[in-house]
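Following: one structure in structure tokens, then a few remarks.
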Amino acid sequence: MIDKILPLHQSDAIKHLQQNWVLTLFEEQPLALISEYFGTEIAMYFAWLGYMTTALWFPAIIGVLIFFFGGFRYSTAESGDEESQANEGQLYSDVCFVGFALFNCIWSTTYLELWKRKQAELSFKWGTYDVASDPLLDDPRPAFRGDYIAPNPVSGRMEPYYPGWKHKLIRYGITYPITVVCIVIMFLAMLFTLVLQEYATFYFGQSSLFWWISSVPMVLYALLIVTGDQLYRVVALYLNDLENYRTDDEYEDFLITKIVMYQFVTAFGSLFYIAFYLHNMKRLQETLATLLITRQLAQNINETLIPFIMERVKLSRLTYRMTKSLSDRSLRKCCAEVRRRKLTASVGDNEAEKMYPSPDRFSKMFSLGSPSGTSPRPVLRNKFHSMRLRCTGDDNPPIQLIQNFAPLSPSVDGAGRVPKSPRLPMPEFKFSSSEVPELTQAELESLMASYMRPLDDYLEMFIQFGYVLLFSPAFPLAALCALANNLIEIRVDAFKLCNTVQRPFGRRVRDIGAWQKAMEIMGIAGVIVNCALIGHSGLVQRIWPGLSWGGQVLICVLLEHVVLAAKYFIDIIIPDIPHWIRIETAKVEHFRREAFKNETKLLSVQREHTPIEVGVTQRESPCIDRLELASNDAQILPVEGRRFKHRSPTPVARPSSLQFCDRVQIASSNC
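Mapping of the sequence shown onto full-length UniProt numbering: position 324 corresponds to residue 324, and the numbering continues sequentially without gaps.
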């Protein structure tokens with residue numbers, strides 16, 4: 001029975017990747033080797049991660065300068081309170097705050113647009129640029145269940161069919177309500193822990209004995225996040241299976257949507273509460289730094305150290321079981337059988353059976369217990385004594401026979417008597433070089449954890465991108481922490497793929513899929529959140545002291561629309577596909593059309609020179625019947641299928657004239 005199918009690692013390739021990828025820190029990643037060994041999907045992830053790491057240098061440097069020289073002085077009072085924040089450097093601090101917030105919004109848009117160009121270059125280089133994105137062209141995934149079998153509208157092949165209205169019914173009637181309920185429950189639990197922390201800080205914050213109680217709610221919140229993530233992952237997978245998507249891309253896109261919606265609340269919910277409800281910028285800075293650094297350390301340990309230890313533990317257990325099975329009763333029986341056969345060859349079968357029982361009889365004789373629970377020691381002693389009497393007829397057997405039994409006893413005294421101990425020593429048994437049991441490479445790698453898709457890796461970087469973009473004015477060093485983490489994360493993920501997980505099956509992709517849309521939505525959310533932080537910072541109130549609250553909101557909304565317009569302008573001026581790729585794809589399209597024209601001309605010439613005898617009546621040759629039948633079939637074809645001057649370079653169906661030529665050739669050959 002086949003238990004698992006997995007591709008095996010190649011030692012030479014892994015060694016080369018270890019030296020040129022895992023153990024290097026500031027060198028460029030060998031993306032071509034990664035694509036060749038792991039597939040374009042994983043290579044695209046590492047290319048995206050490396051590109052993000054390069055882009056983080058700009059906000060990291062500016063954030064360090066602003067943090068140390070920007071005059072950020074947050075207090076525990078409300079950030080909109082003029083009395084708590086008014087000082088001689090307040091204007092300089094406000095300018096740095098607003099400038100850094102707007103810079104992050106423009107930076108995120110520029111980074112995402114430039115990455116589109118980069119992934120187009122990589123996909124063209126790896127030969128996946130023309131990978132079909134239409135789900136009708138993809139094969140159904142193995143877990144797809146259909147109500148009945150129907151022909152595919154594109155290929156015409158019979159395959160399972162599932163009505164689209166059932167997808168929508170399950171999605172809007174079951175999936176979305178359950179997802180919203182899970183998000184609301186998690187949000188309420190977060191509010192409960194934050195309120196509990198407020199009470200704990202108020203009552204025990206100044207106590208010298210019970211100061212630690214104020215930290216208990218945050219610990220509970222961290223445990224709640226970890227537990228909730230695991231439980232919701234199971235729920236999301238169940239709901240996604242229930243929706244029964246046809247292709248792998250659809251299945252993954254909707255799974256990403258469910259997980260991102262939940263993770264957005266768990267990762268950023270507390271920050272929104274502190275920033276826009278408590279209006280405490282100092283606490284927002286501390287909480288953001290704590291969540292960012294703690295999450296990075298925990299995930300790196302969880303991805304490398306824990307899988308490595310678990311793999312070693314599994315290997316140790318397997319080795320122990322194999323060693324025990326070889327050194328236990330089976331090995332004793334094997335040794336006894338070998339020695340009994342040697343004795344049989346020297347003294348005869350009957351005498352050997354009397355002097356040296358068979359392994360089955362031997363194991364029953366030396367059982368360590370009995371059903372009645374009595375001690376086996378007298379039985380064992382009597383068995384030794386009776387066997388000795390059967391061999392010699394007296395109580396003093398010859399030394400030669402005792403030596404034959406020497407491997408079964410701990411020692412022999414001077415009189416040649418067998419000791420009365422019921423325990424026998426481990427007999428010596430040496431394997432030959434061909435008999436030494438060894439674990440195969442497939443057995444060893446089957447103990448490793450499977451690595452199906454880089455979903456968790458993308459999710460980790462997505463949340464980190466949100467920490468850098470959404471609340472970076474509160475903690476300008478967030479980009480620096482993300483940069484340091486990415487430099488380590490690349491090598492951590494590389495180590496994980498090369499050492500702690502099974503080699504994944506390669507998959508051809510042309511981009512990062514739904515994560516690109518998720519990052520773009522995060523960019524829009526970053527504009528809204530940063531403009532709201534600017535409004536809560538008190539800058540608008542200090543510039544226009546007499547402005548009402550509604551006027552302040554209007555100014556923030558106007559600023560938000562200006563930044564969104566700038567993002568849209570950047571999206572327009574930076575094309576998603578480089579010009580040279582457009583030229584190369586146009587060349588390929590031109591070659592396809594020329595090849596199609598040449599094929600059409602060749603078939604036309606073959607049709608004109610098809611030998612048909614003149615003067616042969618319909619009754620004299622059945623070939624004419626076939627030609628007329630083919631001509632009638634060609635005339636009833638739809639008009640859309642005929643050849644025109646401007647035609648598709650890759651037609652799905654052959655034109656009617658070409659089909660008629662084929663029928664003429666077939667009919668002529670049959671004649």
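In this text, a Cβ means the ideal position worked out from N, Cα and C, and glycines have one as well.
Query	Result
Cβ pair A267, L224 closer than 7 Å	no
Cα-Cα separation between S93 and V64, rounded to whole angstroms	14 Å
6 Å CB neighbourhood of N152 in its chain, flanking five on each side removed	E159
Bridge-paired residues (DSSP) for Y161	Y148
T54 versus A47 - alpha carbon distance	11 Å
Cβ neighbour criterion (16 or more within 10 Å) applied to E599	exposed
Outcome for R503 when other beta-carbon atoms lying within 10 angstroms are tallied against a minimum of 16	buried
Three-pair Cβ contact test at 8 Å for the stretch 4–15 versus the stretch 105–117	no
Extent of the continuous alpha helix (DSSP H) to which V131 belongs	Looking at the DSSP string, V131 is not in any alpha helix (DSSP H), and its letter there is neither H nor E.
Coarse secondary structure for A449, derived from DSSP in three states	strand
Exposure of R157, with buried meaning 16 or more beta-carbon neighbours within 10 Å	exposed
Separation of R312 from L136, as counted between CA atoms	45 Å
P177: first and last residue of the uninterrupted alpha helix (DSSP H) it sits in	Y176 to F204
Cut-off 7 Å between Cβ atoms - residues of its own chain near P7, not counting five sequence neighbours on either side	R503 and F505
Coarse secondary structure for V234, derived from DSSP in three states	helix
Buried or exposed by the 16-neighbour rule on C-beta atoms within 10 Å, applied to F69	exposed
Whole-Å CB distance - L292 paired with C481, under 8 Å assumed	6 Å
Distance, F67 Cα to P476 Cα	6 Å
One or two residues paired with Q501 in a DSSP bridge	In the sequence under discussion, the amino acid at residue 501 is Val, which differs from the Gln named in the question. For V501, which the question treats as bridged, DSSP gives the partners A449.
Beta-carbon proximity list for L533, same chain, < 6 Å, skipping 5 on both sides	P473
Neighbourhood of A449 by C-beta distance below 8 Å, restricted to the same chain and skipping five residues each side	P307, M310, E311, T500, V501 and Q502
N-terminal and C-terminal residue of the alpha helix (DSSP H) that P30 is part of	Where P30 is concerned, there is no enclosing alpha helix (DSSP H), given that its DSSP letter is neither H nor E.
Whether L483 touches L56 by CB criterion (7 Å)	yes
Segment contact flag, the stretch 459–473 with the stretch 18–34, C-beta cutoff 8 Å, min 3 pairs	no
Three CB pairs or more closer than 8 Å across the stretch 248–261 and the stretch 283–292	no
Best match in Y162, R295, I42 and F276 for proximity to Y467 [C-alpha to C-alpha]	R295
Assigned exposure category for Q119 - 16 Cβ within 10 Å defines buried	buried
Assigned secondary structure, L25 (DSSP; H/G/I helix, E/B strand, else coil)	coil
Exposure label - K15; buried when at least 16 CB within 10 Å	exposed
C-alpha distance - A236 paired with V181, whole-angstrom precision	12 Å
Residue nearest to K154 in terms of C-alpha spacing, selected from K168, D139, N485 and L455	Checking the displayed sequence, the identity of residue 154 turns out to be Val instead of Lys. Answer by Cα proximity: D139.
Limits of the unbroken alpha helix (DSSP H) element including H579	H579 to E608
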